[in-house]
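Heads up: the protein sequence lines correspond to chains A, B and C, in order. For what it's worth, my numbering labels the leading residue of the first sequence as 8, then goes sequentially. For what it's worth, my numbering labels the leading residue of the second sequence as 8, then goes sequentially. For what it's worth, my numbering labels the leading residue of the third sequence as 8, then goes sequentially. This report refers to the structure that appears directly beneath it.
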Amino acid sequence: MKLSELSLLLERNGFSNQVEAKEDPDLVGVNTLGNAGRGELSFLTNPKYREQLWETRASAAIVELEEPAPDGLPVLRCDNPYGAVAAAIKLIHGTRIHPAWGRDPRAIVAESARIGEGANIGPYVYIDEEVVIGHHATLYPGCYIGRGAILGDHVTCYPNVVIYDGSRLGSRVTLHAGTVVGEDGLGYAKVNDRWEKIPQAGWAVIEDDVEMGANCCIDRATLGQTVVGAGTKFSDAVVIGHGTQVGKHGMFVAQTGLAGSVTVGENVTMGGQVGVAGHLSIGDNVVIGAKSGVWSDIPADERYFGSPAFKWKQFWKQVAAVQKLPELIRKLHRLEAEVAALRKERRGDD
Amino acid sequence: MKLSELSLLLERNGFSNQVEAKEDPDLVGVNTLGNAGRGELSFLTNPKYREQLWETRASAAIVELEEPAPDGLPVLRCDNPYGAVAAAIKLIHGTRIHPAWGRDPRAIVAESARIGEGANIGPYVYIDEEVVIGHHATLYPGCYIGRGAILGDHVTCYPNVVIYDGSRLGSRVTLHAGTVVGEDGLGYAKVNDRWEKIPQAGWAVIEDDVEMGANCCIDRATLGQTVVGAGTKFSDAVVIGHGTQVGKHGMFVAQTGLAGSVTVGENVTMGGQVGVAGHLSIGDNVVIGAKSGVWSDIPADERYFGSPAFKWKQFWKQVAAVQKLPELIRKLHRLEAEVAALRKERRGDD
Amino acid sequence: MKLSELSLLLERNGFSNQVEAKEDPDLVGVNTLGNAGRGELSFLTNPKYREQLWETRASAAIVELEEPAPDGLPVLRCDNPYGAVAAAIKLIHGTRIHPAWGRDPRAIVAESARIGEGANIGPYVYIDEEVVIGHHATLYPGCYIGRGAILGDHVTCYPNVVIYDGSRLGSRVTLHAGTVVGEDGLGYAKVNDRWEKIPQAGWAVIEDDVEMGANCCIDRATLGQTVVGAGTKFSDAVVIGHGTQVGKHGMFVAQTGLAGSVTVGENVTMGGQVGVAGHLSIGDNVVIGAKSGVWSDIPADERYFGSPAFKWKQFWKQVAAVQKLPELIRKLHRLEAEVAALRKERRGDD
Chain A
8 MKLSELSLLL ERNGFSNQVE AKEDPDLVGV NTLGNAGRGE LSFLTNPKYR
58 EQLWETRASA AIVELEEPAP DGLPVLRCDN PYGAVAAAIK LIHGTRIHPA
108 WGRDPRAIVA ESARIGEGAN IGPYVYIDEE VVIGHHATLY PGCYIGRGAI
158 LGDHVTCYPN VVIYDGSRLG SRVTLHAGTV VGEDGLGYAK VNDRWEKIPQ
208 AGWAVIEDDV EMGANCCIDR ATLGQTVVGA GTKFSDAVVI GHGTQVGKHG
258 MFVAQTGLAG SVTVGENVTM GGQVGVAGHL SIGDNVVIGA KSGVWSDIPA
308 DERYFGSPAF KWKQFWKQVA AVQKLPELIR KLHRLEAEVA ALRKERRGDD
Chain B
8 MKLSELSLLL ERNGFSNQVE AKEDPDLVGV NTLGNAGRGE LSFLTNPKYR
58 EQLWETRASA AIVELEEPAP DGLPVLRCDN PYGAVAAAIK LIHGTRIHPA
108 WGRDPRAIVA ESARIGEGAN IGPYVYIDEE VVIGHHATLY PGCYIGRGAI
158 LGDHVTCYPN VVIYDGSRLG SRVTLHAGTV VGEDGLGYAK VNDRWEKIPQ
208 AGWAVIEDDV EMGANCCIDR ATLGQTVVGA GTKFSDAVVI GHGTQVGKHG
258 MFVAQTGLAG SVTVGENVTM GGQVGVAGHL SIGDNVVIGA KSGVWSDIPA
308 DERYFGSPAF KWKQFWKQVA AVQKLPELIR KLHRLEAEVA ALRKERRGDD
Chain C
8 MKLSELSLLL ERNGFSNQVE AKEDPDLVGV NTLGNAGRGE LSFLTNPKYR
58 EQLWETRASA AIVELEEPAP DGLPVLRCDN PYGAVAAAIK LIHGTRIHPA
108 WGRDPRAIVA ESARIGEGAN IGPYVYIDEE VVIGHHATLY PGCYIGRGAI
158 LGDHVTCYPN VVIYDGSRLG SRVTLHAGTV VGEDGLGYAK VNDRWEKIPQ
208 AGWAVIEDDV EMGANCCIDR ATLGQTVVGA GTKFSDAVVI GHGTQVGKHG
258 MFVAQTGLAG SVTVGENVTM GGQVGVAGHL SIGDNVVIGA KSGVWSDIPA
308 DERYFGSPAF KWKQFWKQVA AVQKLPELIR KLHRLEAEVA ALRKERRGDD
């Protein structure tokens, strides 16, 4: 694909752009500034790599509108270079093509299950009674879909995904290998010094356009539903407790865990390994730094960090203050000595 | 089910209770105070939701003996409302009914394996040589049971559970999807600058009535056994290192990890994302707050929190003190200036 | 096996040693000092257990060259007792013998896949088109190998391991149950307030002699490759982000997570539950304590600890200082009062 063609296709995809180039290179791939070679398109979206723009061997680069660039390098300027790169990768590399199983005879589909047109069901898949699967859904080998679960159109479950009975997945949901939806949450009551199981009578709902990484765990609710809102994206090994409600368009990095009955607003970002205690409320547009431990509600539009989590600036101020502590202790001791001396002198005066 | 019937059944289950109601409503489900509608039973077990008792649309509620309740709301009073709710959910909603596979012909069962009466073995299950499986065990599709493993009566393994060779599961053990028992622990010795594997020659034991969430990992021991004690409950993605011994009736929230050779007493509670370093000893009845990092033994009956973990009160005192630090630093500087001024004046006097 | 035979075999394996014993006991197993009984070999490699050497019922023990030992106990002295124990366990207990499936007819192998000699492919394995599998590889039931993936000789994948399309595993790689290699990383761009997927066009490389525990997740790169270097060992539930490069001979304890585009040098040790933020660089021979959160580069040969992580000593100094804080605050208040008193007296003088 020529750079000029790419420019045109990006334009059509809603990324208005302008090309600055003396030539019109052929582009066969996309790569990072450091790794790109001849024939590859690169990009500058993280200022940390700015210097590499001047040394790259890429044949072209996507950059911001005002970004200074070396003379010889053909650039495509755009006000959302990150989005344009995403589109360029799709245009140049394409996306994964699933194996075409149709309805593999080695899959087991219960009689009462309803499977949409164009569904692509791999071998060793198990679909239980009363399941409904939408059009053009793809289930890789080893997936299990429990009784009465409902999966929307264009759902993709990679190998060994497990959907418990009664779970509901919207359209275009993508779950990576080993992810589990709808397992029982940690619900027990102490009766005569034993943990007595509280049947988990609710279910789990994964709304449209959610994507989850590998080995995530989404508990079903004790009563009612656990929800992961439309358009939200999880990385690997994220755990969501029973009855928790995650809003739309969130972004959770790997190994983050929410306890039960948490309410999370829309557009919330959580770094990796964040933990949120039960029954809390996290407002819209909140950003929580990686490894934070949250033990209190967070109002909308705040940025929090630390364990226990505080406002972002306050956290780093505390970190800086703690670093000064050993010196502080020395100062305090010096001061105590000085005051004692003053007092002694003072007494001497009397 | 009428409220009066429920009262009777709870009584028979050991929950003595008294009903205060002008009518005897029909109950078709259990739900939270906020979500319950007509025909649903609700409950107040967490004081955080006390206000909701006055606004609920539930047809009845389980509450503590002395809990004030609105006039029109039929209530069932009980001294262990949490336990009564667990029983009520079981009575009204029932528990999961497993698909009835009997011994599915598409499961593979080695000749020397012994399978108990009434066992329910799904398709795509693999049972290796010399395995023993108890009566009425249920193995969902995709489970793997390694050579010589022993599973007790009424064990339930949800889809894609993996039990390595030689592991031992007691009766009524329940493992949710993707959980792995008996994999090799992280045992290597540095030999000539390489990590040389120490064969993991031990095994893992999961005692009676243990339940684990999805995607947990229980290492086998290097030598001897790793143990999870009877009645202990884990949420999702809990990891137990090789040779670690977890006592009876524990409760571990999701993503908690214990290194190897740890000894944990009975009735221990760990919040989510707790980490415990190797070779430590945690006493009976200990409670460890979520996200704590434990680097030293904890005596019985203590509550610990933080990373490194301290006694609960000490931890929160430290957190409060750290919050005051920036102000403290300002105070100290002011004091230094004052003392310097005093000293200067003093010198002026001489 | 007699102790004298073991001594000889260890010698041949490169562990020069000397036996101090009045008899030549038969050894049928290896066990810890506390658990060993008659006929078992034990060992002292962790000074924490030194006292147990004097009380063990073991029939012999491996110890360091200069270690004092009780009179009656036959000992085998060696300058690398840990390595010798690893070798002794292998010699006495042997290693796991995989079931011999050959090429099980219930495995699915695509026509264009090339399978090496002596490969051992269990039932319910799925091998997609253009896959290459080396000699003597063992794939347990439920493994999925995606299109074009390349696995080296003597690779072992335990049950339900998933290798995505295009991944590359070197020779002697061992992956425990439920581990996933090559799933899509968390790559999205905000376009019109939605998360638009950036196709993950790269792949994942696991070099020779890597071993991973259960339920690990290794993202494929967005572009280019994610790498886990030769000889590196992971425990369970470790997560590696897209484009991250882990060097050779590392050791990562369970539940550790690295974000994307991280570069880790050789011989790096990370404790459990460590988190490393994206785009950082960790030098050779670095040691990072358990539960640390790393937000800045770490130069070679350093030991870091804490969250945010500092140099090891600095971290513990800070922890000690924070413990003193409440007392410090009291002292400061006392000092303020004293200075105020001095100032008042001073004024009284004027």
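For glycine and all other residues, C-beta sits at the position ideal for the given N, C-alpha and C.
Can residue i and residue j be called in contact, C-beta distance under 8 Å?
i: B:Asn127; j: B:Thr145; result: yes
i: C:Asp243; j: A:His183; result: no
i: B:Val57; j: B:Leu51; result: Residue identity differs from the one stated: residue 57 of chain B is Arg in this sequence, not Val. Their beta carbons are under 8 Å apart, which means B:Arg57 touches B:Leu51 by this criterion.
i: B:Glu309; j: B:Lys318; result: yes
i: C:Ile288; j: C:Thr270; result: The sequence given here has Ser at residue 288 of chain C, not Ile. Contact flag set, yes.
i: B:Tyr133; j: B:Ile152; result: yes
i: A:Gly254; j: A:Arg227; result: no
i: C:Glu203; j: A:Ala95; result: no
i: A:Ala43; j: A:Val82; result: no
Any beta-carbon of chain C closer than 8 Å to the one on residue i?
i: B:His340; result: no
i: A:Val326; result: yes
i: B:Pro315; result: yes
i: B:Asp215; result: no
i: B:Asp191; result: yes
i: A:Asn222; result: yes
i: A:Val92; result: yes
i: B:Glu218; result: no
i: B:Trp286; result: Reading off the sequence, residue 286 of chain B comes out as His, not Trp. True, the Cβ-Cβ gap to chain C drops below 8 Å.
Could you check where the alpha helix (DSSP H) with residue i kicks off and where it finishes?
i: C:Val92; result: Pro88 to His100
i: B:Glu18; result: Leu10 to Arg19
Taking only beta-carbon atoms, is residue i less than 8 Å away from chain B?
i: A:Gly231; result: yes
i: C:Arg110; result: no
i: C:Arg350; result: yes
i: A:Cys85; result: no
i: A:Asp172; result: yes
Quick one: list the residues of chain B neighbouring residue i, beta-carbon separation under 7 Å, in chain order.
i: A:Lys320; result: What A:Lys320 touches in chain B: nothing, since even the nearest Cβ is about 11 Å away.
So which residues on chain B does residue i lean against when the C-beta distance must stay under 9 Å?
i: A:Arg354; result: In chain order: nothing, as chain B lies at least about 13 Å away.
Along the chain, where does the beta strand (DSSP E) that runs through residue i open and close?
i: C:Ser49; result: Glu47 to Phe50
i: A:Cys85; result: Val82 to Cys85
i: A:Tyr311; result: Arg310 to Gly313
i: B:Gln25; result: Asn24 to Glu27
i: C:Ala68; result: Ala67 to Val70
i: A:Cys223; result: Segment: none, A:Cys223 is in no beta strand (DSSP E) and carries neither H nor E.
i: C:Gln232; result: Gln232 to Val235
Determine, using beta carbons only, whether residue i comes closer than 8 Å to chain F.
i: C:Ala261; result: Protein chains in the displayed structure are A, B and C, and chain F is not among them.
Just the chain A side, please: which residues come within less than 7 Å of residue i by C-beta, in chain order?
i: B:Leu265; result: What B:Leu265 touches in chain A: nothing, since even the nearest Cβ is about 16 Å away.
i: C:Glu309; result: Chain A residues near C:Glu309: none, gap ~17 Å exceeds 7 Å.
i: B:Ile96; result: Ile205, Pro206 and Ala208
i: B:Ala244; result: Cys224, Ala244 and Val246
When the cut-off is 8 Å and only beta carbons count, does residue i lie next to chain A?
i: C:Tyr147; result: no
i: B:Thr270; result: no
i: B:Gly238; result: yes
i: B:Gln358; result: The first residue shown for chain B is 8 and the last is 357, placing residue 358 of chain B beyond what the model contains.
Given that residue i touches chain B, what residues does it touch there, using C-beta distances under 8 Å?
i: C:Glu203; result: The premise fails here: C:Glu203 is roughly 29 Å from chain B at the closest Cβ pair, so nothing lies under 8 Å.
i: A:Val329; result: Val329 and Leu332
i: A:Gly300; result: Gln280, Ala297 and Lys298
i: A:Glu345; result: Val346 and Arg350
Residues of chain A with CB under 8 Å from residue i, in chain order?
i: C:Cys164; result: Within 8 Å Cβ-Cβ: nothing; C:Cys164 doesn't reach chain A, min ~12 Å.
i: B:Pro130; result: Ile115 and Tyr133
Subject >> Length-filtered (3 minimum) beta strand (DSSP E) runs lying within the segment 151-219 of chain C >> reply: DSSP runs (the beta strand (DSSP E)) wholly in the segment 151-219 of chain C: 187-190, 195-198, 201-204 and 210-213.
Original post:
Could you give the uninterrupted runs of the beta strand (DSSP E) lying entirely in the segment 316-345 of chain A, keeping only those of 3 residues or more?
Top reply: You should have 316-318.
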